[in-house]
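Encoded as structure tokens, the structure appears first; notes follow it.
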Amino acid sequence: MAKRGPTPQPAAIKEAKGTSRRPIGKDPIAAVADQKAKVTKPSWMAKKKGGEIWDRLAPKLIRLKLLSDADVDTFARYCRNYQRWLDVNKFLDDNGTHYETETGYDRIRSAMMISLRLEPVLERTEDRFGLNPAERQRIFAARAAQGVPGDLFGAAGDGAKPPTQDKKPEAGERSPTVGFLN
């Protein structure tokens, strides 16, 4: 299903364009980066089968809270497919995308077909994990719209209660006008 509306712009572009209103609250990217998640690499992942990609990308995604314990297998599969795509493209760089048959015709290599089939799969998975700026911005915008506790204005599980206003204004005191017109 297609996404409605214009594609989200990366945060750097939005910041460069500026806004006519004052900024409200913290940057969602920085707020999410404050909290740590405990995600470990699956035991079946070897270094040559995507482990190096995991070691490079997972800490960044964990820091942004885009990779959780529930996503480990999906992300491991992405890392393995990405490693396959890199291996296939290295083979194609060394041997070319086409070969000549015995009858003199050019044929496309099967490795080229594998590479072409892996690309859309990788792109879809990259979108889900926010591995491009536009999708990362979309994920953070959706997270802010949902009001995920602890992500925008502080940690939710720290045990601190929000301040309450129990004191009623006395006769001579002026009450704040915030919310007066609501």
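Okay, so the sequence shown: first residue is 1 according to full-length UniProt numbering, each after it adds one. Each residue gets a CB set at the ideal place from its N, CA and C atoms; glycine is no exception. Only a predicted model underlies this, so the values are computations on that prediction, with no experimental measurement involved.
On the DSSP bridge list, what partners appear for residue i?
i, result
"D106", "E100"
Any idea what DSSP makes of residue i, helix, strand or coil?
i, result
"G51", "helix"
"P59", "helix"
"K17", "helix"
"A111", "helix"
"Q9", "coil"
"R4", "coil"
"V39", "coil"
Go ahead and label residue i buried or exposed: buried means 16 or more other beta carbons lie within 10 angstroms of its beta carbon, across all protein chains shown.
i, result
"G5", "exposed"
"A76", "buried"
"G50", "buried"
Out of the options, state which residue places its alpha-carbon closest to the alpha-carbon of residue i.
i, options, result
"D131", "A145, K60, A76 and T97", "A small correction: the amino acid at residue 131 is Leu; Asp does not occupy that position in the sequence shown. Nearest C-alpha to L131: K60."
"M45", "E100, K17, Q83 and Q9", "Q83"
"D127", "I62, K14, L66 and R21", "L66"
"I53", "R80, Y99 and N95", "R80"
Quiz item: Three or more beta-carbon pairs under 8 Å between the region 41-56 and the region 97-107, yes or no?
Solution: no
Practice problem: Report yes or no: do the region 136-147 and the region 84-99 share at least 3 C-beta pairs separated by less than 8 Å? | Solution: No: the two stretches stay apart, fewer than three of their Cβ pairs being nearer than 8 Å.
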